[in-house]
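2 protein chains.
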Amino acid sequence: MSEIRIIDVHQSVFAVNDAIAEETRRRNHEHRTYMINLMASPGAGKTTLLLKLIPALKERFSIGVMEADIDASVDAEKMAGAGVRSIQVHTGGECAMDAEMTRQAIEEFSADDLDLLIMENVGNLVCPAETDTGATLNLAILSVPEGDDKPLKYPLMFRVTQAVVISKTDTREYFSFDDDAVVKRIHACNPDSKVFFLSAKTGEGMEEFTNWLINEIENEIR
Amino acid sequence: MSEIRIIDVHQSVFAVNDAIAEETRRRNHEHRTYMINLMASPGAGKTTLLLKLIPALKERFSIGVMEADIDASVDAEKMAGAGVRSIQVHTGGECAMDAEMTRQAIEEFSADDLDLLIMENVGNLVCPAETDTGATLNLAILSVPEGDDKPLKYPLMFRVTQAVVISKTDTREYFSFDDDAVVKRIHACNPDSKVFFLSAKTGEGMEEFTNWLINEIENEIR
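Each protein sequence line maps, in turn, to chains A and B.
Counting from 4, one number per residue, gives the positions in the first sequence under our numbering.
Counting from 4, one number per residue, gives the positions in the second sequence under our numbering.
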């Protein structure tokens, strides 16, 4: 009996979540704000990629970064150091940002004049995939050290993302990582997903990804 | 109003969970079964570590492995290949094993004659830490590529574990990873936590960890 009750509650929570996410999407569209929901395992290189992207993006767009973590503020400090407006969101133990938390974070930001809102979600391949935040782009990072089998194990993440960055490609010689296999496995989840290979450390592949992203943002906000 | 209702339900779920976990612990103690709950990010090397440990453990103990994944069976197949009894548990989208799922998995196993039950939990640093499964030992792996700051960001995981394996130490030269800093950060979460540095690939540090684990198991089951 208690199990049935739990399922009811979850369904109502998801329905409420999706309505709030739609409202965020509508609001962002109206304000010409492009919002990225960046998701990955812990340590896949979310913050490092952002720190490398920001100089090129800052020239073109006004940017705000929301750093979601369970219980730390180290990433928001790094973003502030990179010269962009950033806020730290503590999820209070929750394993992902939901639409309401995202809405509150956007409000805190008074983000109406931003071209680009980047949310670095909690490091996790499971929970963030389950919750629509209202982002324009769901972007996942999968790092070479994690292995090319991750789309088999966490298919929902690769189903809900429109683009995947394979990061830390400079460590390829250390790990057996099959580029073709990972692309096939990602496309089995979402045949339209873009896949980029790059190393934020060496810069390999950064230009192609940055140009693609700039183009996506400009198509949406101009 | 709906929020208060959610919190109520979560609390009752946790209370039920903890009662089932206690029952599993009692049952394992009665049957002299040592149970390990192995937790880590996706790709930290849980399966690889197990495949390296099993030959040494198999000599001394009868072993069963429960592979928990959202939606794949690749790991259970690898375990079967290593010559141990293994079952694959699909969590149906859930981001961690709970006590009831664990209880059902143990039952499927008819595990009464096992000395050692190893559960490889879903790859995730958040959810598995929140849920007591009834394991004798909560063991976390943190891989060098993930970075030494993870105990700052996922403190609960390092609070609920009695031992942490720092894996992939052979990749140290590729990543800036501060051994002393990570030990301090782990001990800030749990001052009694054991910390082992090892590479399952090169074998560095494996002996020390294996000997410690064998000793822990024998103290409990003999």
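Note that CB positions come from ideal geometry on N, CA and C, so glycine has one too.
Being a predicted model, the structure only gives us computed values, none of them experimental.
Should residue i be flagged as near chain A, meaning a C-beta pair shorter than 8 Å?
| i | result |
| --- | --- |
| residue 98 of chain B | yes |
| residue 66 of chain B | no |
| residue 125 of chain B | yes |
| residue 89 of chain B | no |
| residue 4 of chain B | Residue confidence is low: residue 4 of chain B scores 31 on pLDDT, short of 50, so the model does not pin down where it sits. No coordinate-derived value is stated. |
Apart from the five residues just before and just after residue i, which ones in its own chain have a Cβ nearer than 8 Å to its Cβ?
| i | result |
| --- | --- |
| residue 121 of chain B | 38, 39, 41, 53, 66, 67, 68, 69 |
| residue 87 of chain A | 57, 61, 66, 67, 68 |
| residue 208 of chain A | 172, 199, 200, 201, 202 |
| residue 178 of chain A | 147, 148, 150 |
| residue 211 of chain A | 199, 201 |
Go through its chain and collect everything with a Cβ distance to residue i's Cβ below 6 Å, but skip five positions before and after it.
| i | result |
| --- | --- |
| residue 59 of chain B | 213 |
| residue 146 of chain A | 47, 48, 170, 171 |
| residue 198 of chain B | 167, 186, 189 |
| residue 205 of chain A | 173 |
| residue 64 of chain A | 118, 119 |
| residue 128 of chain A | 44, 157, 160 |
| residue 132 of chain B | 159, 160, 163 |
| residue 85 of chain A | 54, 57 |
When the Cα of residue i is compared with those of the options, which residue comes out closest?
| i | options | result |
| --- | --- | --- |
| residue 83 of chain A | A:204, A:103, A:50, A:97 | A:50 |
| residue 107 of chain B | B:131, B:183, B:94 | B:94 |
| residue 126 of chain B | B:43, B:90, B:215, B:221 | B:43 |
| residue 75 of chain A | B:154, B:164, B:161 | B:154 |
| residue 219 of chain A | A:102, A:124, A:139 | A:139 |
| residue 110 of chain A | A:31, A:161, A:81 | A:31 |
| residue 17 of chain A | A:143, A:137, A:113 | A:137 |
If you measure from the beta carbon of residue i to each beta carbon in chain B, is any gap under 8 Å?
| i | result |
| --- | --- |
| residue 74 of chain A | yes |
| residue 45 of chain A | yes |
| residue 92 of chain A | no |
| residue 163 of chain A | no |
| residue 7 of chain A | The predicted model places residue 7 of chain A with a pLDDT of 33, which falls under 50 and marks its position as unreliable; any figure quoted below should be read in that light. It does not; no Cβ of chain B falls within 8 Å. |
CB-CB under 7 Å to residue i, same chain, minus the five flanking residues each way: which ones, in chain order?
| i | result |
| --- | --- |
| residue 45 of chain B | 126 |
| residue 2 of chain A | Not covered by the structure: residue 2 of chain A. The range shown for chain A is 4 to 225. |
| residue 216 of chain A | none |
| residue 184 of chain B | 151 |
| residue 182 of chain B | 200 |
| residue 71 of chain B | 92, 94, 100, 122, 123, 124, 125 |
| residue 175 of chain B | 147 |
| residue 98 of chain B | 125, 127, 130 |
| residue 223 of chain A | 37, 139 |
| residue 79 of chain B | 70, 89, 90, 91 |
| residue 135 of chain A | 20, 21, 24, 102 |
How about residue i: is its Cβ closer than 7 Å to a heavy atom in the ligand NAD?
| i | result |
| --- | --- |
| residue 136 of chain B | The model depicted lacks the ligand NAD and carries no ligand whatsoever. |
Problem set entry | Residues of the segment 128-158 of chain A whose Cβ lies closer than 7 Å to any Cβ of chain B, in chain order | From the segment 128-158 of chain A, only 128, 129, 130, 146, 148, 149, 150, 152, 153, 155, 156, 157, 158 have a Cβ closer than 7 Å to chain B.
Problem set entry | Residues from the segment 167-197 of chain A in contact with chain B, defined by Cβ distance under 9 Å | 171, 173, 174, 177, 178
Exercise. Does the pairing of the segment 20-37 of chain B with the segment 192-204 of chain B give three or more beta-carbon distances under 8 Å?
Worked result: no
Exercise. For the segment 196-217 of chain A, which residues have a CB atom closer than 8 Å to at least one CB atom of chain B, in sequence order?
Worked result: none
Exercise. How do the segment 110-119 of chain B and the segment 14-29 of chain B stand: do at least 3 beta-carbon pairs fall below 8 Å, yes or no?
Worked result: no
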